[in-house]
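Visitor: I have a structure here, written as structure tokens, and I will follow up with some questions on it.
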Amino acid sequence: MLGISAIESMDIIADINSIKELIDDVKYARKLTRVAKSSPVILANIENEKIIEFCKIYPVLVNRIRFNEDGTKITLDTKVSKDLFIKVLMDDFLTSQLTQFYYESLAKDALKLAADNTKEN
Numbered sequence: 001m002l003g004i005s006a007i008e009s010m011d012i013i014a015d016i017n018s019i020k021e022l023i024d025d026v027k028y029a030r031k032l033t034r035v036a037k038s039s040p041v042i043l044a045n046i047e048n049e050k051i052i053e054f055c056k057i058y059p060v061l062v063n064r065i066r067f068n069e070d071g072t073k074i075t076l077d078t079k080v081s082k083d084l085f086i087k088v089l090m091d092d093f094l095t096s097q098l099t100q101f102y103y104e105s106l107a108k109d110a111l112k113l114a115a116d117n118t119k120e121n
């Protein structure tokens, strides 16, 4: 499956079988297909170290996503951790630059930079 291959090629999961066992569940199969096609994290080639660091400090993820002994790979040993990891790959966890509040957002509309709007002024 495409989603599994994309995640496997990242080499960030301690035991890839923890993700492979999800493909029989239609809900997860759809999510994994979406990850393969449109994960901002994968498309931007975010380094594993940066993903792991994010998982260690983002409040919703702390103690819910675990790591191997040397901290170089993610261990997905619960259904919750698998769900959260998929959300990490879809870049669903956001922080407001204004308030520093944390949000979970499925819809993310890219904004144009101010320089793009100078034509209108």
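Residue numbering for the sequence shown follows full-length UniProt numbering, beginning at 1 and increasing consecutively.
Glycine included, every Cβ here is placed at the ideal spot set by N, Cα and C.
How would you call G3, buried or exposed, if buried means at least 16 neighbouring beta carbons within 10 angstroms?
Guide: The residue in question, G3, is buried, as its Cβ has 16 or more Cβ neighbours within 10 Å.
Visitor: In the DSSP assignment, find the unbroken alpha helix (DSSP H) run with L84 in it and report its ends.
Guide: From DSSP, the alpha helix (DSSP H) with L84 extends over 79-89.
Visitor: Cα separation between A44 and V88?
Guide: Approximately 13 Å between the Cα atoms of the pair.
Visitor: Who are I13's beta bridge partners in DSSP?
Guide: I13 pairs with I74.
Visitor: Which residue's Cα is closest to the Cα of K108: A6, P40, D15, L32?
Guide: For the residues A6, P40, D15, L32, the minimum Cα distance to K108 belongs to P40.
Visitor: Going by C-alpha distance, which of E47, Q100, E104 is nearest D83?
Guide: Residue E104 is the option with its Cα nearest to D83.
Visitor: Where does F93 sit, in a helix, a strand or coil, going by DSSP?
Guide: Looking at F93 - three-state DSSP - the assignment turns out to be strand.
Visitor: Looking at the structure shown, is E8 part of a helix, part of a strand, or coil, going by DSSP?
Guide: Here E8 sits in helix by DSSP.
Visitor: Could you check how far apart the C-beta atoms of F67 and T75 are, in whole angstroms? I think they sit under 8 Å.
Guide: Confirmed, about 6 Å.
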